[in-house]
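Data block below; observations after.
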Ligand SMILES: Nc1nc2c(ncn2[C@@H]2O[C@H](COP(=O)(O)OP(=O)(O)OP(=O)(O)O)[C@@H](O)[C@H]2O)c(=O)[nH]1
Ligand SMILES: [Mg+2]
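In this note's numbering, the protein residues as written are 111 to 490.
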């Protein structure tokens with residue numbers, strides 16, 4: 111958490127994948143999600159932006175010809191006060207696989223976080239910014255709340271706790287199709303420790319008859335933990351306008367944290383790594399997805415195209431064989447889909463070279479975890 115607070119913001123206005131088209135030289139200037147308080151202090155530029163806008167508006171409102179000669183007896187018409195901007199940090203939390211990243215992408219109207227049907231898809235906090243005339247919401251998508259067994263998972267949970275601590279509002283997601291279990295009780299216990307207002311999002315409503323949400327709504331309403339309850343489908347993107355309006359009701363007044371066209375702040379290597387990992391998650395199952403990491407070694411311009419080389423780390427040799435597939439067929443498919451996605455985002459020709467390496471117990475290896483987190487930008 112303290113690391114997050116120290117960081118300074120370089121914002122990325124376009125899709126994170128479009129960052130790939132930038133020369134690798136400015137890679138070190140990419141940053142991770144800045145901390146709320148640090149950003150609050152560093153929001154001078156956006157304050158200026160706001161000030162300029164309000165000047166423009168006031169000029170428009172009172173053109174010279176409208177200036178009536180002042181009559182002593184006439185009372186001044188009360189000036190309409192411009193509503194103040196609101197802004198704040200909103201954490202998306204819940205059990206793995208409930209649809210947090212899908213909801214983030216739906217809010218932003220573009221893919222920023224990877225999504226898969228395997229639990230623990232998100233391993234690092236992803237920041238998404240949405241700005242409108244009312245102000246700015248900074249969403250923090252987080253790993254799912256789970257019992258950590260490896261160092262990797264402890265780090266994931268630390269990010270969840272940090273996000274809960276440092277936000278203005280918590281969106282707690284549940285999957286309407288899942289039975290309530292011990293893990294859910296644990297998540298609620300975690301939530302109770304935090305004082306901020308909380309909304310319950312009952313997700314995946316498209317998968318069931320709407321009446322299925324009613325007992326859940328009644329159950330949660332009784333608990334008194336949540337200020338608002340929203341049943342919705344993040345995949346269909348319905349009910350989001352209503353939810354956004356409610357979020358603004360709970361945010362404090364304040365300046366924009368980021369320039370208004372910012373969508374996210376992600377490092378290029380991290381985006382490449384996540385794109386490849388997502389395809390692996392799509393095509394593998396059981397323990398394989400949990401034990402996979404992608405380390406990007408090279409990002410270079412070569413003969414008019416972008417050359418990328420990455421290692422896929424697995425914990426066991428049989429996992430390596432699964433990912434490579436019969437005569438390399440699965441690895442080729444993973445590579446092709448990841449490359450095509452990055453090409454369509456950047457509009458640039460990409461050569462992607464993937465290798466699969468066995469690194470036993472990498473999930474508990476300080477060195478590998480540090481190298482992976484450097485891809486995210488934490489150590490720079
Ligand atoms: N039918 C349906 N599926 C959804 C909805 N939202 C998410 N999903 C699916 O649920 C799965 C998990 O979605 P994610 O967004 O990756 O879930 P998450 O909560 O971010 O998961 P972790 O990162 O593992 O914690 C994916 O297969 C999504 O397509 C929804 O509203 N309806
Ligand atoms: Mg996720």
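Even glycine gets a Cβ: it sits at the ideal position worked out from N, Cα and C. Since this is a predicted model, take the numbers as computed values, not measurements.
Cutoff 6 Å; reference residue i; Cβ partners in own chain excluding five residues on either side
{"i": "residue 387", "result": "404"}
{"i": "residue 225", "result": "211, 212"}
{"i": "residue 178", "result": "Bear in mind that the predicted position of residue 178 carries a pLDDT of just 44, short of 50, making it too unreliable to give a figure here."}
{"i": "residue 241", "result": "370"}
{"i": "residue 258", "result": "264, 267"}
{"i": "residue 195", "result": "245"}
{"i": "residue 326", "result": "312"}
{"i": "residue 484", "result": "none"}
{"i": "residue 408", "result": "419"}
Sequence-distant residues of the same chain with beta carbon closer than 7 Å to residue i, five excluded per side
{"i": "residue 270", "result": "203, 252, 253, 255"}
{"i": "residue 229", "result": "206, 207, 254"}
{"i": "residue 231", "result": "211, 224, 225, 391"}
{"i": "residue 424", "result": "401, 402, 430, 433, 466, 468"}
{"i": "residue 486", "result": "142, 234, 377, 380"}
{"i": "residue 445", "result": "462, 464"}
{"i": "residue 348", "result": "342"}
{"i": "residue 502", "result": "No answer is possible for residue 502: the residues shown for the chain start at 111 and end at 490."}
{"i": "residue 197", "result": "245, 246, 361, 364, 365, 366, 367"}
{"i": "residue 157", "result": "Because residue 157 sits at a pLDDT of 39, beneath the cut-off of 50, its placement in the model cannot be relied upon, and the following sentence gives the value as read from the coordinates. Cβ within range, chain order: 365."}
{"i": "residue 482", "result": "403, 405"}
{"i": "residue 479", "result": "261, 262, 265"}
{"i": "residue 222", "result": "126, 214, 215, 236, 238, 373, 374"}
{"i": "residue 460", "result": "415, 416, 418, 449, 452, 453"}
{"i": "residue 219", "result": "none"}
Local conformation of residue i per DSSP, three classes
{"i": "residue 230", "result": "coil"}
{"i": "residue 478", "result": "helix"}
{"i": "residue 215", "result": "helix"}
{"i": "residue 197", "result": "strand"}
{"i": "residue 470", "result": "coil"}
{"i": "residue 263", "result": "helix"}
{"i": "residue 236", "result": "strand"}
{"i": "residue 255", "result": "coil"}
{"i": "residue 275", "result": "helix"}
{"i": "residue 460", "result": "strand"}
{"i": "residue 189", "result": "coil"}
{"i": "residue 385", "result": "helix"}
{"i": "residue 346", "result": "coil"}
{"i": "residue 378", "result": "helix"}
{"i": "residue 270", "result": "helix"}
{"i": "residue 138", "result": "The pLDDT assigned to residue 138 is 28, lower than 50, so where the model puts this residue is not dependable, and the model offers no usable value."}
{"i": "residue 174", "result": "Any reading at residue 174 is ruled out, since the residue's pLDDT is 35, under 50, leaving its predicted position unreliable."}
Terminal residues of the alpha helix (DSSP H) in which residue i lies
{"i": "residue 325", "result": "323-333"}
{"i": "residue 357", "result": "350-360"}
{"i": "residue 86", "result": "No information on residue 86 is available, as it lies outside the stretch 111 to 490 that the chain covers here."}
{"i": "residue 445", "result": "439-456"}
Cβ shell of residue i (< 8 Å), same chain only, five flanking positions each side left out
{"i": "residue 323", "result": "286, 312, 315, 341"}
{"i": "residue 154", "result": "Any reading at residue 154 needs caution, since the residue's pLDDT is 36, under 50, leaving its predicted position unreliable; the model's value is listed next. Here the set comprises nothing."}
{"i": "residue 280", "result": "200, 201, 203, 274, 301, 304, 306, 307, 308, 309"}
{"i": "residue 395", "result": "228"}
{"i": "residue 318", "result": "286, 287"}
{"i": "residue 277", "result": "146, 198, 199, 200, 201, 250, 306"}
Enclosing beta strand (DSSP E) for residue i [first to last residue]
{"i": "residue 308", "result": "308-313"}
{"i": "residue 248", "result": "245-251"}
{"i": "residue 285", "result": "279-285"}
{"i": "residue 340", "result": "338-341"}
Which ranges would you report for the beta strand (DSSP E) in the stretch 387-435 if only whole runs of at least 3 residues count?
403-412, 415-424
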